[in-house]
Every structure is written in C-alpha cells, then in structure tokens.
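> Just dropping this structure here.
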Amino acid sequence: MSYLFTTPDEQVQMLQRIGVTSLKVLLDQIPEDLQLDRPLNMPPALTELELERHMRGLAARNAGASSRICFMGGGAYNHYIPSVVDELASRGEFYTAYTPYQAEASQGTLQAFFEFQSLISELSGLDVANASLYDGGSGVAEAVLMAGRCTGRTGRVVIAGSTNPEYIQTLKSYFANKSTEVIVVPTPQGTVNLEKLEAAVNDQTACVLVQQPNFFGCLEEVAAIGEIAHRHSALLVQSFDPLSVGLLKRPGDLGADIAVAEGQSLGIPLQFGGPFLGILACRQQFVRKMPGRLIGQTVDRNGERCFFLNLQAREQHIRREGATSNICTNQGLMALRATIYLSLLGPAGLKEVAELSCRKAHYAADRLTQIEGCERMFAGPFFKEFVLKYAHGADTAVRKAAAAGIDIGPTLSRLPELSWLPEDERDQCLIVAVTESRTREEIDQLVAALA
Amino acid sequence: MRNRQATRLLSELSRAGRRGAEFPASDVPEWPLEDLLPASALADASPHLPELAEPDVVRHFVNLSTLNMSVDTHFYPLGSCTMKYNPKRHERLAGLPGIVDVHPHQTAGNIQGLLELLAEKQQMLAEISGLPAVSLQPAAGAHGELTALYVAAAYFRDKGESRKKVIFPASAHGTNPASAAMAGFECVELKGTEGGFVDLEELRRHVDNQTAVFMVTNPNTLGLFEKDIAAIAEIVHAAGGLVYIDGANMNAIMGITRPGDFGGDMMHYNVHKTFTGPHGAGGPGSGPICVRDFLADFLPGPVVRQRPGDDRRFELATPAKSIGRVRSFFGNVGILIRGYCYLRTLGAAGVRSAAEQAILNANYLKSLLADVLPSAHGEYCLHEFVASAEGLAKERGINAMDIAKRLLDYGFHPPTVYFPLVVPHAMMFEPTETESKATLDAFSDAIHKIVAEDAELLHTAPHNLPVSRPEEVNATRKPVLTWACCKD
Chain W
23 MSYLFTTPDE QVQMLQRIGV TSLKVLLDQI PEDLQLDRPL NMPPALTELE LERHMRGLAA
83 RNAGASSRIC FMGGGAYNHY IPSVVDELAS RGEFYTAYTP YQAEASQGTL QAFFEFQSLI
143 SELSGLDVAN ASLYDGGSGV AEAVLMAGRC TGRTGRVVIA GSTNPEYIQT LKSYFANKST
203 EVIVVPTPQG TVNLEKLEAA VNDQTACVLV QQPNFFGCLE EVAAIGEIAH RHSALLVQSF
263 DPLSVGLLKR PGDLGADIAV AEGQSLGIPL QFGGPFLGIL ACRQQFVRKM PGRLIGQTVD
323 RNGERCFFLN LQAREQHIRR EGATSNICTN QGLMALRATI YLSLLGPAGL KEVAELSCRK
383 AHYAADRLTQ IEGCERMFAG PFFKEFVLKY AHGADTAVRK AAAAGIDIGP TLSRLPELSW
443 LPEDERDQCL IVAVTESRTR EEIDQLVAAL A
Chain V
957 MRNRQATRLL SELSRAGRRG AEFPASDVPE WPLEDLLPAS ALADASPHLP ELAEPDVVRH
1017 FVNLSTLNMS VDTHFYPLGS CTMKYNPKRH ERLAGLPGIV DVHPHQTAGN IQGLLELLAE
1077 KQQMLAEISG LPAVSLQPAA GAHGELTALY VAAAYFRDKG ESRKKVIFPA SAHGTNPASA
1137 AMAGFECVEL KGTEGGFVDL EELRRHVDNQ TAVFMVTNPN TLGLFEKDIA AIAEIVHAAG
1197 GLVYIDGANM NAIMGITRPG DFGGDMMHYN VHKTFTGPHG AGGPGSGPIC VRDFLADFLP
1257 GPVVRQRPGD DRRFELATPA KSIGRVRSFF GNVGILIRGY CYLRTLGAAG VRSAAEQAIL
1317 NANYLKSLLA DVLPSAHGEY CLHEFVASAE GLAKERGINA MDIAKRLLDY GFHPPTVYFP
1377 LVVPHAMMFE PTETESKATL DAFSDAIHKI VAEDAELLHT APHNLPVSRP EEVNATRKPV
1437 LTWACCKD
C-alpha cells in the first residue's frame, strides 16, 4: 500500500493534460543506463494487521522500562510522563506541520516554542534559549563552537573529564578537522580538581565546559570553575540536568555564560536514545552567535500580538557558509513535549520530582553500600545517580539485577573517554540512577538482588 | 471556533497555587536535604514556572494547535520538504512498549528485536541507495551531511592527504555550504548552466587535488535529474575527490535509480521527509547516511551488525577507524521506526509507485499552472518544479510572497518561495504522491483566481487567518525572545 489516491482513469487524464502518453516518458529525463532494471530487494509489503503483528513480535524481544524496574542512567532517565503530554503532542496539527516559516499559518507552533524558550530561560537562569538542538551530545558540541564565536578564540577548549563521555566523544568528532586543541582534564576523584583545571586554561581558551551534576552524578564546584574561566576571559559552558534545578542552583546563578542540556527528562520517552531534545541557553549579549531557530514576539498589521522566526540571518538558509550552524530540522515536537511537561509540573511539581529523585537515590546508595563489596566509587555529594563499585565486577551486578527483573547501568567499561580510570576499577563500576518513578520496595529489591 | 482566552501565554494564564501534576509522597527516610547536598549547591527557590491546572494546559495547547496548518488538515505543497501523508499506524507502532521505553544503555542481549529491526532498516536504506554501509546515527539531514563530511575528512587524513575544498552548485540547499564550513572545509560555489544543471566546464575548472567532496542534490532543487551525473562523478573521482549526494529529493527516485549507481560515494536520507517521519513542526528528523565500502570503517559508531558466526543474533559495533560519534546514543530511533514501518507497508513495488505518483502529480500541477506561473527549466520535472512569478511581478506588481500569503486565505499552504536562489521570484511546488487530482485541481483554481485579484488585496494578505503579516523590522532590531522580556 502506498497511500495513493489516483484512479487509473484519473492517471490517463493527468497524463493527457501533461501531454505525454505514459509515465515512462516523464522518467526519460533519467538516463536509461542509470535506471534500476530490477525491483528493489526488500521484504514483502505488509497490511496494517500484519505489520502490527510483526512489530509486536519484535517489541516482545526487548526489555522495555515499563515491564522492568529501571535504575538506568548515564544521560537518559525513566522519569514519569503524564498522559497529557502524549495526548497533546499527538495532535496532527502539531506533529504533521512543517517548520513555522509561514508565521500566519503556524501561530500554534510558534507560540508553543516561544513558551519553550521562556521556560528554558527560567530553568537555566539565562536570558535567552533557542527553540532546540538535536540532543545533549551535539548540543554540547554546538555550545563549545559557539563559545569560540563569542570570544573570537579558536586555540583551545578545556573540558572537565567528568562530562558525559559520549558528549566528549561527540565534541571531539566536531573538532577533528579543526586546529582547536581539545583538552580533557581527567577527574580521578570524580569531580574537577580546580588547580589541574586552571593549569589547562590559557589565554587562547574559548571556554571551560563542565557538567552539573556530572556524569558520575556528583556535584561540581561550578562557581569556582566559572571564576577560573572568567579570570582567563574564557566562557563557562555548563551542561546541566533540567530537572535538577528544582533543587539545585541554575547555570546562570553559578556564572555560566552558555548552558546546554539533554532535555529527555522533560516528558520524552527513552526510545533507545532518540529523538531526545537539545537545550541551549545563553546570556543576552551572545544571542546573535547562537545556533538554531529563535522565535520572537512581535505584532501583526492590526497590532495583534503574534510570533515569528526571528534573527534568521544567523541561519543556513540565509547565511549559508557564514551561518552560526548548519542545523535546519531541529527537535520541535520534543520541545513541545517539554513545554507541556513543564506547564503541568509548575514550580511545585519540578521541586517534587527533583527532591523525590534525590531522596530515593540517597536511600538507594545508603542501602546498597551496606552490602559487602559494594561502595560508591566517588565519595562527594550527588544528586539522582551515582557510580557503584561492585567487587565482583560490574557485569556481574548487571546480571544479578537483570535476573530479578531490574536494569542498572551503564557499566563504565562500555563507555568511551574514561581511559584515565584504572582498568580494574573501571570494570567494577556502573551507574545507578533513581527517579521519582522508583519505590522503596523496588530499591529494596535491587539491594536484595546484589546482596 | 477560536478561544482567545485559552491561547494567552502560559505566564498570563498562571495563578499561584494551581497544579497540573502531583507525585506520590516520599516513601524513603526524610533525611534533611541540607545533609544530602552542600548549601552552596542548593537553590533558594524553585524556578519561576507558570502554575496551571491540568485542564488549563489541555485547553491551551489544543487551542494553539488549531492555529496551525498541517498535512492532516491542509494541502501543503512546500517544495523541497516532501510534506506527504503521515500514516497513523506509525504512531501506534512506534509507541509500543518494548520500543518506546527501551533505555539507550540497555545491553544488546536484551534488545534483539530492536536490533533486528534496525539491522533490517540499514539493509533497506543500503538497497534503496545502492551504497552498502549505513550509519543511522545522524539526527537530521543537515546532521547527515556534516557526519559524511567528517567521514570524508577522516578518510583523507587516513590516506595522508589534507584536502581543503568542498564544492557545490549555486542551487544547493543552504545546509551544504553551512555543513562544509562547520566541518572545517573551504566552500566553493559553482555557477550552473542556463538549463539549471551543473556546468561540466565550471566543474572541471574548480576540481583539483585539493577537492575533498563535491556535494550535489539529485534530482536537484529545480526538480530536474542531473543528466550528466555520471560525467560529474567521473570528473570528481579522477581528481581523487568524493561525490556526496544530498538525498533531500529521494522521493523522486526511490526504486527508479540509485545514488550508488549514478556515481555517489556518500549520501544522506531525510527519513522525516521521504519515509514520512513526520515533520513534527520542524523536527525531529532522522538523517542516516550511506557510503561505499571503502568509507565504511570511518562511520560513526555504533552500527548494528549480525554477530559473526550467528546470523540470528545482532550486536552493536564501532567501525575500525570510526570518527567517533556525532551525538549521544544510537540515533533518532523513534523516527527510524516510523520509516521502517513505512517501507514495510509499501514494499518494493509500493516504494517505486510512490515515487512515480509524486512525479505524475508534480508534472500535472506544473501543466495546470504553466499559463500563470511558468517554469523556465525543463519540459518535464521529477517530484517538484520551480515556477517563477517574475512575469506577474513586472506586469502586475504581484510578487511570489503575495501569492503565497493569499493562498493561506484559500486554505492552502503555500509553496516554498525565493528558493532556489538561482530562479528570480521562485515558487517551488512539491505536491507529493499522497494528494488527489481533485486537490491539485482546486489548488490550481485558487492560484488562477489569486493572480487575477486586486494587487493591493494580495499585498496585504492573508486576511482570514488568526493573524496577519508580522512586523519584522523592529522585532529584529530589538528581539523579544522570552516572556520575561515582555514584562520590561
């Protein structure tokens, strides 16, 4: 089935109007020797009923979070998604619309994204946010590139080793064909050593990137790191967890010039890693250096408030090779989900989610570390996840938990960019994350599985 | 019926003390937060978010949605964007438990069904492109371009060459030069022929041993097949360069001709366009890339493959000389799954007939509009065509934007206007295959009525939409980008 309308009669009428005898004539513009002389080799077409049966069969062979107990973290989390988010985001008027270039026919999308920008500005404590990037990893790369544009420095960027290793790997790919030095400062204690960090920053450094809470769940001394960056006239770029600010200080409060985040926690399902949501916010003075779309408020000819795509002169369709980024398609529908999610939560709900996640994670850490051979790899304060060191090996921990219907991880040995951790220790380490969705009973089950 | 009360800003609808979500009371010991977290890290207060009840939120967003045009509600012939029907079954199937709720760090042994699906998806994309090695990682078409250019850079580095130039025709999408610049290359733009094609002489003049990649959209942004594509590839290959096919227009050629067969070394798909993603009001997309075997080792990881020696088991692996990754996690899997469902629904014959019908619809619409909006290029087009409003502009003072805006009043989404840049007063129509003759006829009638209307009526259009044209000049000078700015 191809979702086609045209009847054979109509096809004849259309061909006559065009003035050709057959469809083949229209294809003659493709040189014959380049045309495929066989059908594509693809599996047979399925009706909806058959496709659903097939898909249910495939789905049944995957361990989804809703049929298991999910303590997995490392950049994606099993936070609860209220039904209103799915219901509203599944309206065809939203999800089958295009980028809102025609403002008059896109006010729904434009206003929702303006609201998204406003909410992200509140969460980040910074003046402006864009209408989304792809995800946390490419968002970090874009933020660091942006810092180069803001400072006019392309010599070096300094990255805290406690940043999500996939973000660091992404950043390195983005810089591989450039002359900029990417210095990753190892964090063997789990958090940044301020002296080592400062030693890496020079007068050609565009920015220091730090993640708060960091990849290991630990809290960094962000304000002090910001002072180091600013002392060298570099920017502070902070990657943050947008739910954490229900409890923790916001990037803008800590001195960040650019904040970037993975927004998956804001009402977006896990779906094996995407689509997620890249969040980017910054201080007002850098707004014209930002990548991605920006929705602006204005008035129409009748003086009515309306919204449109503002500052498009930064973008690829206008500026081409001079654009601030190549991004075109963004994560609009995910930004809409985050907007709906945040408007449901409000300040009280945000605080509750942050507090519940934090308290439950601390209960889990407390109970787990009472097991012999179980300790937290890094001792400092943490938010909703932590690195568990399991003497019998991280893989054993994952196996034991899985046998009890529980998922934990990732194990650190699976991840790139952590070679500064001694191998034998790395093999014992894994991440345990706890959200508001988990109960005390489930935490106790995890403890029992690993004991 | 418009409800203006409900579409006020969330910040204006907010009332202190309202709640839209509640969570269970804590069931773990209530240790003081000050004992868990350092005082220096704790916020003084929760961020200043609006406070709304659940029905407030529902009514707000439902009413906002009615201010949009969309494929579900309107004909949307936006050139270069492939606004085809988005099948509803995809939404249900991508939302199945076991698919929508799989954690990205889940181990391969626990997601064999998903990996089998993604492996099959890789195979189908390889078959349709004629390019055997696939990465599903890029999040959108432009991200696919960027990824492929990183792959190209790594390939040349590996060969000990440092090629600096990326060349593209003037009719290229803006993403091509933007991606090239972002990937650290110098951009060279080629003038095309009068017929709208790549000029082989121009190409020969610019291609040399510094040329890394020639990027070309085929069919091009005029909706024409680059008839000399084989010769183009030969010129680029003879200089040791790579040919990149921007797959934005794959809807015209899937099942008919393949980038790998006409000389491409690398390409991206736009799953949200060609394989009906959907567009999501601007995203998310998915931009998988396909490359020749000799580039496979450089692809970002992980890719899905059959476990060696066990063809019923699948695993995730990172290619030997991988560029690393271009984002976190595997890719925009939710969109890839919708594209998978689409291809499994159509099958080989369905894929080809979708392309053929897209070509038929575009040529039919072109013939209907030829008397008022002629196309300078090509007797026939493929899936889209670029008409010019230059004549109307000269004779009646009506420009492309006027026609576009007036179309909104008639209940049609306008075509893409003023792109490609090589056509004056360009109007780029892409009806797609999922529109009926009756719709195309009605659209043509509307255009014919519009071009006969009073010019002043058009200059001030639209007249029947929720808002009229936005004031942009002052708004650009002093941008208001959040509701906090509104209060100042």
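Quick note, the sequences are listed as chains W and V, same order. In short: position in the first sequence from 1, add 22, done, that's the numbering used here. In short: position in the second sequence from 1, add 956, done, that's the numbering used here. A virtual CB, placed ideally from N, CA and C, is assigned to each residue, including glycine. In this text, all values refer to a predicted model and were calculated from it rather than measured experimentally.
(1) From N1207/V to S1036/V, what distance separates their C-alpha atoms?
(2) In the DSSP output, which residue or residues are listed as bridge partners for G1148/V?
(3) Leaving out five residues on either side along the sequence, give the residues of the same chain with a beta carbon under 8 Å from the beta carbon of S1278/V.
(4) Around the Cβ of A473/W, are there at least 16 other Cβ atoms within 10 angstroms (buried) or fewer (exposed)?
(5) Looking only at its chain, what residues have a beta carbon closer than 8 Å to the beta carbon of A246/W, apart from the 5 residues adjacent to it on each side?
(6) What number of angstroms, rounded off, separates the C-alpha of P1043/V from the C-alpha of R175/W?
(7) Start and end of the alpha helix (DSSP H) containing L129/W?
(8) Grab the span of the beta strand (DSSP E) containing G475/W for me, first residue to last.
(9) Is the separation between the beta-carbon of A81/W and that of P1240/V shorter than 8 Å?
(10) For chain W, find out if any of its Cβ atoms is closer than 8 Å to the Cβ of M957/V; answer yes or no.
(11) Determine, using beta-carbon pairs with one atom in the segment 1339–1350 of chain V and one in the segment 1373–1388 of chain V, whether at least three such pairs fall under 8 Å.
(12) What is the DSSP secondary structure of R178/W, reduced to helix, strand or coil?
(13) What in chain V is Cβ-close to N186/W, meaning under 8 Å?
(14) According to DSSP, is V469/W part of a helix, a strand, or is it coil?
(15) Is there at least one Cβ from chain W nearer than 8 Å to M1384/V's Cβ?
(16) For N1205/V, which option in R1048/V, G1196/V, I1315/V has the closest C-alpha, if you only look at C-alpha atoms?
(17) So, for D951/V: in the same chain, excluding its five sequence neighbours on each side, which residues have a beta-carbon less than 8 Å away from its beta-carbon?
(18) Got a sec? Which residues, its chain only, sit under 8 Å from T1022/V by beta carbon, not counting five neighbours each side?
(19) For a test of the three-state rule: what should DSSP assign to G431/W, helix, strand or coil?
(20) In three-state terms, what does DSSP make of C1037/V?
(21) Determine whether the Cβ of G130/W lies closer than 8 Å to any Cβ atom of chain V.
(22) Under a three-way DSSP split, which group does A1343/V fall into?
(23) Determine, for A1189/V, whether the minimum Cβ-Cβ distance to residues of chain W falls below 8 Å.
(24) Residues in its own chain within less than 7 Å of P273/W by CB, not counting five upstream and five downstream?
(25) Please identify, using Cβ separations under 8 Å, the residues of the segment 83–94 of chain W that lie next to chain V, in order along the chain.
(26) Strictly below 9 Å CB to CB, what residues from chain V border S347/W?
(27) Going along chain V, which residues have a C-beta under 9 Å from M36/W?
(28) Cβ of P291/W less than 8 Å from any chain V Cβ?
(29) Using alpha carbons as the reference points, say which of G1367/V, G1243/V, H1061/V, A1001/V lies closest to L1102/V.
(30) Taking DSSP's pairing of strands, which residues face Y1200/V in a bridge?
(31) Name, please, each residue of chain V whose Cβ falls closer than 8 Å to the Cβ of Q139/W.
(32) Give the C-beta separation of A455/W and M94/W to the nearest angstrom, bearing in mind that I take them to be a contact with Cβ-Cβ under 8 Å.
(33) Going by alpha carbons, who is nearest to P1079/V out of N84/W, N152/W, P65/W?
(34) Is DSSP giving P187/W helix, strand or coil here?
(35) Does any CB atom of chain W fall closer than 8 Å to the CB of L1414/V?
(36) To the nearest angstrom, how far is the alpha carbon of D1444/V from that of Q306/W?
This is what the structure holds:
(1) C-alpha separation (whole angstroms): 10 Å.
(2) V1154/V
(3) D1253, F1254, L1255, P1256, G1257
(4) exposed
(5) L216
(6) 48 Å
(7) With the sequence shown as reference, residue 129/W is identified as Gln, and Leu is not the correct amino acid for it. Start and end: 129–146.
(8) Within the shown structure, residues of chain W are numbered from 23 to 473, placing residue 475/W beyond reach of any answer.
(9) no
(10) no
(11) Output reads yes: the segment 1373–1388 of chain V touches the segment 1339–1350 of chain V.
(12) strand
(13) The contacting residues are S1284.
(14) helix
(15) no
(16) I1315/V
(17) What is shown of chain V runs 957 to 1444, which leaves residue 951/V out entirely.
(18) R958
(19) In the three-state scheme derived from DSSP, where H, G and I count as helix and E and B as strand, G431/W is classed as strand.
(20) coil
(21) Yes, G130/W counts as interfacial toward chain V.
(22) strand
(23) no
(24) S146, G147, L148, Q260, F262, A281
(25) Of all residues in the segment 83–94 of chain W, only R83, N84, A85, G86, A87, S88, S89, C92, M94 place a beta-carbon less than 8 Å from a beta-carbon of chain V.
(26) Residues of chain V with a Cβ closer than 9 Å to the Cβ of S347/W are, in chain order, A1098, A1134, M1138.
(27) L1316, N1317, N1319, Y1320, S1323, K1393, L1396
(28) yes
(29) G1243/V
(30) M1171/V, M1222/V
(31) L1437, T1438
(32) The Cβ separation is near 6 Å, so the contact holds.
(33) The sequence shown places Gln at residue 1079/V, not Pro. It is P65/W.
(34) helix
(35) no
(36) Residue confidence for D1444/V is low, a pLDDT of 46 falling below 50, so the modelled location carries little weight and cannot support an answer.
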